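For the sequence shown, my numbering gives the first residue as 3, with consecutive numbering after it. Shown next, in structure tokens, is the structure this report addresses.
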Amino acid sequence: MANDSNRFQAIISHCKEYGFIFPSSEIYDGLQAVYDYGQMGAELKKNIKDYWWNSMTQLHDNIVGIDAAIFMHPTTWKASGHVDNFNDPMIDNKDSKKRYRVDHLIEGHAEMLKAESQTQKADELLASMDLLLAKDDFEGLKKLIEDNKISCAISGTCNWTDIRQFNLMFSTEFGSTVSSDDEDNKVYLRPETAQGIFVNFLNVQKTGRMKVPFGIAQIGKAFRNEIVARQFIFRMREFEQMEMQFFIRPGSQKEWYEFWKAERLKWHQSLGIPAEKYRYHDHVKLAHYADAACDIEFEFPIGFKELEGIHSRTDFDLKQHQEYSKKKQQYFDNDIDPATGKPYGNYIPYVIETSIGLDRMFLAVISHAYEEQDLSTADKQDSRVVLKLPAKLAPIKLAVLPLTKKDGLPEVAERIMSDCRPHFRCFYEEKDSIGKRYRRMDALGTPYCVTVDHQTLQDDTVTIRHRDSMQQERVPINELRRIVLESIN
Ligand code: GAP
């Protein structure tokens, strides 16, 4: 593959062609930064979710999972700081009074340049915009608009105000409203799942009789009206998060932060993706609620970028909810503090958060798995695209392929299907040559294919083909279930 940008485009096309990811409402030309998962994508995504969920809840006795609603009381977002601080820049045209998102305005101009075949200029403009946005450099962005003579579509002038902030939360009205401007009925689509955990902290602690330190995990949708949204499922406006808030004693946050930092990297590496594809990025500029924070970055085809965040969130969120709700968010710790010889007593716990984007994890897994291989020999040109997915994440674990549609071979294949189907996802196919069927399964990331042939009728053995090595071996049918189960557990 010539370069990473081509590789990224090839992965996007592959996702569409093989039923992993489609643009949302594609028949209406799609909706920017919103995607649908197809029949293969939904399976892969679910397997990633299960892998995270089980490793958090099943493998940690002190972590439980919840599933909170997307809609939350609007005061939640006042307390969390999102109403006041979760912003992106916008600009007004003084003549038409029309307001633009700065990124939309510049992107619109770039589209126009592209239509005029000035692609390089358009790309340079977008790259400069991304850099300035990352630095929150509003003066630089305004200068970029002026230098490129970007005008308002209505007034046609370049008479712009200074750039101001725009909130990233989507809002809608709740219940039957008289007017859409009615602030009382305004609710937000949650921009992070974390707040659903914070507001349930005491519910879970009391009903689950949880003792600090303990964690609450959650997987769910989050929504952000993102300003830069041109990177496939890397940055979406509707996405899913897998978050865990770990409640700890004040003063122990450094130790637990280091613990979760290491633990999360180990989880990533347990998938067999090489260690050099990951790195930490420690935050220098900390959010107002954090006393330490880092990202686990992954080397995507678009470079090293944030995959997961680990944040030491202090007691900020619970304190804020206590203040806004007027309900105590305290925990009574009756363990003995060795320093005083008395129980630790009442306190608002501190929190270490681990937060990973499910869609980003999907992109990390599929982009690492994607391989184009030249299999040509001296006499024959050949190639394949293979998804070297970890077997436990693969959408289909076993493909069952009768060599022909007759002679009783489909019946034996159906017997294998019945035996394996209750244990893992299998796929039956009898159309096309065996070679073509293998290639299709490679492209879907299926780790095992078995071929039922005439020898099977005599000795009850089949050929099992291993996706990555393409090696084939003869095994008894009654061994198949064990072989596949061993590799996915
Ligand atoms: N509760 C903390 C929080 O939401 P964040 O760094 O804003 O922190 C956490 O988001 C993770 O969610 C990121 O590391 C990323 O994987 C994912 N994420 C954030 N915005 C996203 C978007 N627009 N599209 C896809 N994933 C996103």
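Note that CB positions come from ideal geometry on N, CA and C, so glycine has one too. All values reported here derive from a predicted model rather than from experimental measurement.
Could you tell me the alpha carbon to alpha carbon distance between residue i and residue j, rounded to whole angstroms?
| i | j | result |
| --- | --- | --- |
| Leu33 | Tyr282 | 33 Å |
| Asp94 | Ile156 | 12 Å |
| Glu194 | Phe73 | 11 Å |
| Ser435 | Thr406 | 9 Å |
| Val201 | Phe176 | 20 Å |
| Asp105 | Glu141 | 14 Å |
| Ile250 | Pro351 | 5 Å |
| Ile50 | Ala219 | 15 Å |
| Leu487 | Asn480 | 13 Å |
| Trp269 | Val206 | 25 Å |
| Ser119 | Glu265 | 49 Å |
| Gln474 | Tyr450 | 10 Å |
| Phe306 | Ala129 | 16 Å |
| Leu83 | Ala196 | In the sequence as displayed, the identity of residue 83 is Gly instead of Leu. C-alpha separation (whole angstroms): 13 Å. |
| Asn87 | Ala81 | 11 Å |
| Met246 | Ser357 | 7 Å |
| Gly274 | Leu395 | 12 Å |
| His370 | Ser272 | 14 Å |
| Tyr349 | Cys296 | 26 Å |
| Leu391 | Ile368 | 7 Å |
| Ala224 | Tyr190 | 10 Å |
| Ile165 | Asp52 | 43 Å |
| Ile13 | Glu416 | 33 Å |
| Gln324 | Gly43 | 41 Å |
| Ile221 | Asp470 | 31 Å |
Rounded to whole angstroms, how far is the Cβ of residue i from the Cβ of residue j, which I believe are closer than 8 Å?
| i | j | result |
| --- | --- | --- |
| Lys399 | Ile490 | 6 Å |
| Asp421 | Arg483 | 6 Å |
| Pro303 | Asn64 | Pro303 to Asn64, Cβ: 38 Å. No contact. |
| Gln167 | Asn89 | 4 Å |
| Asn150 | Lys96 | The Cβ separation is near 18 Å, so there is no contact. |
| Thr458 | Leu403 | At roughly 11 Å, the Cβ-Cβ gap does not stay under 8 Å, so Thr458 and Leu403 are not in contact. |
| Lys188 | Ser178 | Not confirmed; about 14 Å, so no contact. |
| Arg362 | Phe236 | 6 Å |
| Ser314 | Tyr259 | 4 Å |
| Lys279 | Phe261 | Incorrect: roughly 22 Å between the Cβ atoms, too far for contact. |
| Phe429 | Ala401 | 5 Å |
| Gly447 | Leu365 | Actually they are not in contact, since the Cβ atoms of Gly447 and Leu365 sit about 14 Å apart, beyond 8 Å. |
| Gln331 | Phe203 | 6 Å |
| Ile29 | Tyr39 | Going by Cβ atoms, the distance from Ile29 to Tyr39 rounds to 17 Å, so no, they are not a contact pair. |
| Thr255 | Asp293 | With the sequence shown as reference, residue 255 is identified as Gln, and Thr is not the correct amino acid for it. Confirmed, Cβ separation roughly 7 Å. |
| Met244 | Trp54 | 5 Å |
| Pro397 | Arg427 | 7 Å |
In three-state DSSP terms, what is residue i?
| i | result |
| --- | --- |
| Glu260 | helix |
| Arg362 | helix |
| Lys328 | coil |
| Val214 | coil |
| Ala393 | coil |
| Lys208 | helix |
| Gln233 | coil |
| Gln383 | coil |
| Lys287 | coil |
| Arg467 | strand |
| Leu309 | strand |
| Asp105 | helix |
| Glu141 | helix |
| Val201 | coil |
| Ala136 | helix |
| Gln220 | strand |
| Ser26 | coil |
| Gln120 | coil |
| Gln255 | helix |
| Ala4 | Legend: pLDDT at Ala4 = 44, less than 50; position of this residue unreliable, value from coordinates given subsequently. In the structure shown, Ala4 sits in coil (DSSP, three-state: anything other than H, G, I, E or B). |
| Ser314 | strand |
| Asp319 | helix |
| Ala292 | coil |
| Arg483 | helix |
| His16 | helix |
| Phe172 | coil |
So the candidates are the options; which of them puts its Cα closest to the Cα of residue i?
| i | options | result |
| --- | --- | --- |
| Gln460 | Leu446, Val486, Gly447, Leu411 | Leu411 |
| Glu69 | Asp470, Glu242, Tyr30 | According to the sequence as given, residue 69 is Asp; it is not Glu. Cα-wise, what sits closest to Asp69 is Glu242. |
| Leu170 | Ala129, Leu204, Leu135, Arg239 | Arg239 |
| Glu310 | Glu355, Ala71, Tyr430, Val452 | Glu355 |
| Ser385 | Thr316, Ser27, Gly253, Met472 | Met472 |
| Leu134 | Ser27, Leu115, Gln41, Ile108 | Ile108 |
| Ala277 | Lys344, Phe426, Arg226, Ile298 | Ile298 |
| Ala136 | Val477, Leu61, Asn8, Glu228 | Glu228 |
| Thr463 | Asp470, Pro478, Asp455 | Pro478 |
Write down every uninterrupted run of the beta strand (DSSP E) in the region 34-89 whose length is 3 residues or greater and which is fully enclosed by it, in chain order. If we require 3 residues or more, the beta strand (DSSP E) runs fully inside the region 34-89 come out as 37-39, 65-68.
Within the region 394-471, note down every full alpha helix (DSSP H) run reaching 4 residues or more, in order along the chain. Segments of the alpha helix (DSSP H) lying fully in the region 394-471: 411-422, 436-446, 456-461.
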